[in-house]
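Engineer: Sequential numbering from 1 applies to the sequence shown in full-length UniProt numbering.
Take this structure first; my questions come after.
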Amino acid sequence: MQKSRSNAGKPNSRTRGSKRGHADRISDLPDAILGRIVSFLPTKNTVATSVLSRRWKHVWTSLANLSFDDRLCLRPPASAYVVMPGFVDFVQTVLLRTHPGNIDSFCLHCSRPIDLSSVNFWLSSALMQSVRELQLYLGQQNRVQLLETIYTSTTLEVLKLDSDCVINAPCVGTCFPTMKVLHMQLQNLDNSLTEKMFSACPCLEELSVHAYFDADDSRTNFIIASSTLKHFTLTVVIDTDNHFSEIDHTVMLKAPNLQCLHIIADRLGSYVLEEMHCLHEAVVHISYAEWSQVAPYRAVELLMGLSKTKFLSVNCGIMSAVDQCYDNFCPSFSELTFLEVKLAGSGWRVLPIILHSSPNLERLLVDKECWFEITKEQFGWIESDCVPQCLLQRVKKIEIIRVQGDEDEQRVIEYFLQQCKCLEVMIINCKALIFKNQRKHLRQRLSHLKRGCDGSELLLL
Numbered sequence: 001m002q003k004s005r006s007n008a009g010k011p012n013s014r015t016r017g018s019k020r021g022h023a024d025r026i027s028d029l030p031d032a033i034l035g036r037i038v039s040f041l042p043t044k045n046t047v048a049t050s051v052l053s054r055r056w057k058h059v060w061t062s063l064a065n066l067s068f069d070d071r072l073c074l075r076p077p078a079s080a081y082v083v084m085p086g087f088v089d090f091v092q093t094v095l096l097r098t099h100p101g102n103i104d105s106f107c108l109h110c111s112r113p114i115d116l117s118s119v120n121f122w123l124s125s126a127l128m129q130s131v132r133e134l135q136l137y138l139g140q141q142n143r144v145q146l147l148e149t150i151y152t153s154t155t156l157e158v159l160k161l162d163s164d165c166v167i168n169a170p171c172v173g174t175c176f177p178t179m180k181v182l183h184m185q186l187q188n189l190d191n192s193l194t195e196k197m198f199s200a201c202p203c204l205e206e207l208s209v210h211a212y213f214d215a216d217d218s219r220t221n222f223i224i225a226s227s228t229l230k231h232f233t234l235t236v237v238i239d240t241d242n243h244f245s246e247i248d249h250t251v252m253l254k255a256p257n258l259q260c261l262h263i264i265a266d267r268l269g270s271y272v273l274e275e276m277h278c279l280h281e282a283v284v285h286i287s288y289a290e291w292s293q294v295a296p297y298r299a300v301e302l303l304m305g306l307s308k309t310k311f312l313s314v315n316c317g318i319m320s321a322v323d324q325c326y327d328n329f330c331p332s333f334s335e336l337t338f339l340e341v342k343l344a345g346s347g348w349r350v351l352p353i354i355l356h357s358s359p360n361l362e363r364l365l366v367d368k369e370c371w372f373e374i375t376k377e378q379f380g381w382i383e384s385d386c387v388p389q390c391l392l393q394r395v396k397k398i399e400i401i402r403v404q405g406d407e408d409e410q411r412v413i414e415y416f417l418q419q420c421k422c423l424e425v426m427i428i429n430c431k432a433l434i435f436k437n438q439r440k441h442l443r444q445r446l447s448h449l450k451r452g453c454d455g456s457e458l459l460l461l
């Protein structure tokens with residue numbers, strides 16, 4: 001008892017050590033570093049740090065990246081379609097208290113209806129503070145009229161419009177003078193808009209257009225000419241199941257410095273591609289129905305415009321369309337090194353033609369998308385008397401996905417194994433539903449084949 005009394009007033013050494021270990025070292029960091037740390041948090045959480053201590057009270061006011069999302073403001077389901085004054089007041093307060101001229105990016109996500117006058121005020125405030133990146137989503141709002149000052153801003157470099165906006169580009173002069181990245185959604189497109197706007201953007205490098213068509217849109221034109229454009233993504237959504245409707249679109253693209261082109265469309269339009277000298281990657285996934293009224297030769301014209309690409313990915317829709325007119329298909333892919341093809345019930349007889357036209361091909365990926373059994377008439381694989389030059393001299397890796405082990409597939413696999421003289425590895429990725437005995441039989445059959453390259457490796461997954 002006496003020993004315990006004598007030690008009662010003395011601090012425990014372990015306690016002193018633990019206090020030193022929990023010292024608030026983060027608060028001792030300079031303002032610039034603290035601002036950098038909290039910039040990775042949602043703006044709502046960043047502002048909440050002001051209650052931590054007197055040191056943190058004004059740290060958030062130096063934020064350069066502002067992100068406002070009304071989904072973070074939890075409310076009962078009954079108010080799901082009601083404007084939230086608390087969210088509006090919060091955005092207003094943050095904009096008023098942040099340092100002028102300090103906004104680098106401004107992101108606004110409003111999933112519920114909101115007063116557009118407030119939105120315009122916020123956008124104007126961001127523009128006056130020399131905002132560099134602007135992202136806007138107004139989910140349940142009607143079409144929004146873009147502020148005129150957005151078209152003339154000399155600091156705005158990135159603009160992402162994730163909602164349908166009314167675009168009124170200037171008729172003459174420069175539009176978006178410093179814009180490098182532009183993402184937009186377009187509905188009820190004015191045919192003169194794209195030609196007038198994109199050709200007037202002197203710095204545009206990345207463009208993404210998500211276009212929606214309905215039964216009232218008969219023909220729409222995309223005319224894009226840009227000497228600075230490097231990346232272009234076009235997504236076309238057709239809001240009708242009628243393949244015989246007269247909805248159509250034409251794309252005229254002239255971009256001598258374009259490096260990456262992605263086209264995803266619900267219907268095969270007409271494409272005129274000019275001066276694709278620097279094209280490195282082309283992904284073309286377009287739906288096509290053989291019974292539709294769309295001319296299949298459009299797919300041939302599209303592929304011919306991609307003759308300089310090094311990476312090419314085409315889906316079963318494109319291959320099916322080309323299959324309808326393959327007698328007139330004379331492509332030339334002299335720079336192509338990577339080819340990805342997705343095949344269904346048709347398009348197999350087109351593959352050898354593409355291989356013959358790709359003398360420098362090094363990698364081939366075949367994705368068998370078909371979910372039904374292919375008849376011999378549909379399969380159409382033709383082994384030409386002359387082996388493609390790329391198989392003899394270049395191809396190092398072949399991967400075939402969703403193999404189910406039928407005779408036609410085995411014939412194609414055997415052909416590649418025997419004719420590829422430089423093959424390093426072939427990967428056969430079987431369907432998940434294939435039986436073990438089928439997989440075993442396929443492995444045994446392929447392992448005994450004579451290969452064109454003795455050192456090649458065969459992987460059956």
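No residue lacks a Cβ here, since even glycine has one placed at the ideal position from N, Cα and C.
Computed from a predicted model, the values in this text were never measured in an experiment.
Distance check for residue 293 and residue 331, CA to CA, integer angstroms please.
Structural biologist: Looking at the two C-alpha atoms, the distance is approximately 24 Å.
Engineer: Distance, Cα to Cα, residue 159 vs residue 304?
Structural biologist: If I take the Cα positions, the gap works out to 32 Å.
Engineer: State yes or no: is the C-beta of residue 298 within less than 8 Å of the C-beta of residue 317?
Structural biologist: Going by C-beta atoms, residue 298 is not nearer than 8 Å to residue 317.
Engineer: Keeping to the same chain, check which residues put their C-beta closer than 6 Å to that of residue 402; ignore five residues upstream and five downstream.
Structural biologist: Closer than 6 Å at the Cβ level, and outside the excluded window around residue 402, lie 368, 431.
Engineer: For residue 450, is the classification buried or exposed, using 16 other Cβ atoms within 10 angstroms of its Cβ as the cut-off for buried?
Structural biologist: By the neighbour-count rule (16 or more Cβ atoms within 10 Å), residue 450 is not buried but exposed.
Engineer: In or out: residue 461 buried (at least 16 other Cβ within 10 Å) or exposed?
Structural biologist: That one is exposed.
Engineer: Using CA coordinates, which residue listed in 230, 446, 234 is at the minimum distance from residue 222?
Structural biologist: Residue 222 has its Cα closest to that of 234, out of 230, 446, 234.
Engineer: On the premise that residue 384 lies in contact with residue 346, defined as a C-beta separation below 8 Å, what is that separation, rounded to the nearest angstrom?
Structural biologist: No, residue 346 and residue 384 are not in contact; Cβ-Cβ is about 18 Å, not under 8 Å.
Engineer: Are the beta-carbon atoms belonging to residue 226 and residue 208 less than 8 Å from one another?
Structural biologist: Not closer than 8 Å, so no.
Engineer: Find out if the Cβ-Cβ distance for the pair residue 164, residue 187 is shorter than 8 Å.
Structural biologist: Contact flag set, yes.
Engineer: Quick one: grab the DSSP three-state call for residue 120.
Structural biologist: Residue 120 falls in the helix class under three-state DSSP.
Engineer: Just tell me which of 307, 340, 335, 323 has its CA closest to the CA of residue 315.
Structural biologist: Measuring from the Cα of residue 315, the nearest candidate turns out to be 340.
Engineer: Helix, strand or coil: which one does DSSP assign to residue 254?
Structural biologist: Note: residue 254 maps to strand in three-state DSSP.
Engineer: Could you check the C-alpha separation between residue 213 and residue 145 for me, to the nearest Å?
Structural biologist: So the two alpha carbons sit approximately 20 Å from each other.
Engineer: Taking the alpha-carbon of residue 302 as reference, which of 264, 290, 338 has the nearest alpha-carbon?
Structural biologist: Looking at the Cα atoms, 264 is the closest of the given residues.
Engineer: Distance, Cα to Cα, residue 115 vs residue 135?
Structural biologist: Distance between the alpha carbons of residue 115 and residue 135 is about 18 Å.
Engineer: In its own chain, which residues sit with a C-beta less than 6 Å from the C-beta of residue 166, not counting the 5 before and 5 after it?
Structural biologist: These residues qualify, in order along the chain: 143, 145.
Engineer: Does the distance from the CB of residue 118 to the CB of residue 94 come in under 8 Å?
Structural biologist: Not a contact, by the Cβ cut-off of 8 Å.
Engineer: With DSSP collapsed to three states, give me the class of residue 480.
Structural biologist: Any property of residue 480 remains undetermined from this structure, which presents the chain solely from 1 to 461.
Engineer: Does any residue of chain C have a CB that is nearer than 8 Å to the CB of residue 289?
Structural biologist: You won't find chain C in this structure, because it holds only one protein chain.
Engineer: Could you work out which residue in 334, 387, 105 is closest to residue 306 when comparing CA atoms only?
Structural biologist: When only C-alpha atoms are compared, the closest one is 334.
Engineer: Excluding five sequence neighbours on each side, which residues of the same chain lie with their C-beta closer than 6 Å to the C-beta of residue 169?
Structural biologist: Same-chain partners within the cutoff: 175, 196, 197.
Engineer: If distances are taken between C-alpha atoms only, which option among 356, 139, 278, 404 comes closest to residue 392?
Structural biologist: It is 356.
Engineer: So for residue 389, helix, strand or coil by DSSP?
Structural biologist: Reduced to three states, the DSSP call for residue 389 is helix.
Engineer: Between residue 277 and residue 259, which are expected to be in contact by the criterion C-beta below 8 Å, what is the C-beta distance as a whole number of angstroms?
Structural biologist: Rounded, the Cβ-Cβ distance is 10 Å, inconsistent with contact.
Engineer: Per DSSP, residue 416 forms a beta bridge with which residues?
Structural biologist: BP columns for residue 416 are empty, so no partner.
Engineer: By DSSP, does residue 248 sit in helix, in strand, or in coil?
Structural biologist: Strand.
Engineer: What distance in whole Å lies between the Cβ atoms of residue 275 and residue 256, which are believed to be in contact at a cut-off of 8 Å?
Structural biologist: The pair is a contact, with the Cβ atoms about 4 Å apart (cut-off 8 Å).
Engineer: Might you give, ordered along the chain, the residues of its own chain that have their beta carbon closer than 7 Å to the beta carbon of residue 387, omitting 5 neighbours on each side?
Structural biologist: Excluding sequence neighbours, residue 387 sits near 419.
Engineer: From this set, 336, 349, 151, which residue's C-alpha is nearest residue 326's C-alpha?
Structural biologist: Minimum Cα distance to residue 326 is reached at 349.
Engineer: Decide if residue 296 is buried, meaning its Cβ has at least 16 other Cβ atoms within 10 Å, or exposed.
Structural biologist: Burial call: buried.
Engineer: Do you know offhand how far residue 172's Cα is from residue 228's?
Structural biologist: Looking at the two C-alpha atoms, the distance is approximately 19 Å.
Engineer: Alpha carbon to alpha carbon, how far is residue 113 from residue 155? Give it in angstroms, no decimals.
Structural biologist: Cα to Cα, residue 155 sits roughly 29 Å from residue 113.
Engineer: Which ranges would you report for the beta strand (DSSP E) in the segment 308 to 356 if only whole runs of at least 3 residues count?
Structural biologist: Complete beta strand (DSSP E) runs here, min 3: 311 to 314, 338 to 343.
Engineer: Based on DSSP bridge pairs, tell me the residues matched to residue 66.
Structural biologist: In DSSP, residue 66 forms a bridge with 106.
Engineer: Take the Cβ of residue 398 as the centre, count every other Cβ of all protein chains shown within 10 Å, and call the residue buried at 16 or more, exposed below.
Structural biologist: Buried, since its Cβ has 16 or more Cβ neighbours within 10 Å.
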